[in-house]
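Just so we're aligned: 27 in numbering that gives the first Met the number 0 is position 28 of the sequence shown, and the numbers increase by one with no gaps anywhere.
For each residue, glycine too, the CB sits at the ideal point set by N, CA and C.
Remember, it's a predicted structure, so these values are computed and weren't measured experimentally.
Encoded as C-alpha cells, the structure appears first; notes follow it.
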Amino acid sequence: MTASLPRPAKIPESVLVVIHSRQGRVLLLERADRPGFWQSVTGSKDRQDEPLRETCRREVAEETGLQIGSAAIAETALQDWQLRNVYEIYPVWRHRYAPGVTHNTEHVFGLCVDEALPIRLAPREHLQHVWLPWRDAADRCFSPSNAEAILQLPQRAGFTM
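Here it is as C-alpha cells:
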C-alpha cells in the first residue's frame, strides 16, 4: 500500500464567475462539502502563472461542464468585470493553503449563457444547481462577495431591472 502524496498548497488567488442568462437569471451551485452553501463558480489558480481567463475556463468546465470558446459559448461571453475582492479565508478552509496564509484575492468575471444549456456538475464538488432571478440568487449566496457581485449584474450585463 502506498501513501498518497500531500496536496500542494492552494494559491490564494481565485476567480468568481457569475454565470447568468440574458434574462437576468443566475446559476448557483450547492457545495458538496457544505450542504446549504450556494455559490457561483469559483476556484483558485492551479499555478502562479496561470492567466485568470484560463482559470475561469477550467473552473467553469470542471464545475458545470460548460465549455467557454465552444460553438455554444463564445469566448467573448466571458467578461472581466475588473473587480477584485480581498477577503479573509474561512478558517474551515485555511488548511488548504500554506501556513500563515489568511487572505485570498478574488477576481470577478461574468459569463452570459443560454439557460437551456445542460449543466453537468462535478459530484465531489456540488450537489445540485438552480437558476434564480438575480436578486433571489444574491440572497441565497453564503459568500458576501458573491452576493455583491450578483447585485451588480444589471449594471454589468446591461439589462433592465
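| Item | Value |
| --- | --- |
| Using CA atoms only, rank isn't needed, just tell me which of Leu77, Ala73, Gly42 is closest to Ala156. | Leu77 |
| Does the beta-carbon of Phe141, which I'm using as the reference point, lie nearer than 7 Å to any heavy atom of the ligand NAD? | With respect to the ligand NAD, the structure shown offers nothing to examine, as it has no ligands at all. |
| By the three-class DSSP mapping on this structure, what secondary structure does Glu29 have? | strand |
| Are there 16 or more other CB atoms within 10 angstroms of the CB of Glu62, so buried, or fewer, so exposed? | buried |
| From which residue to which residue does the alpha helix (DSSP H) around Trp133 run? | 133 to 139 |
| Could you pull the start and end residues of the alpha helix (DSSP H) that Ser144 belongs to? | 143 to 150 |
| Going by DSSP, what residue range makes up the beta strand (DSSP E) through Arg87? | The residue asked about is misnamed: residue 87 is Glu in this sequence, not Arg. Segment 77 to 87, the beta strand (DSSP E) holding Glu87. |
| Rounding to the nearest angstrom, what Cα-Cα distance links Gln81 and Arg6 in this structure? | 31 Å |
| Alpha helix (DSSP H) containing Leu51: first to last residue? | 51 to 63 |
| Taking a contact to mean a Cβ-Cβ separation below 8 Å, would you say Leu51 touches Gln38 in this structure? | no |
| For Val91, name the three-state secondary structure that DSSP assigns. | helix |
| For Ser142, which option in Ala121, Pro117, Gly23, Glu105 has the closest C-alpha, if you only look at C-alpha atoms? | Glu105 |
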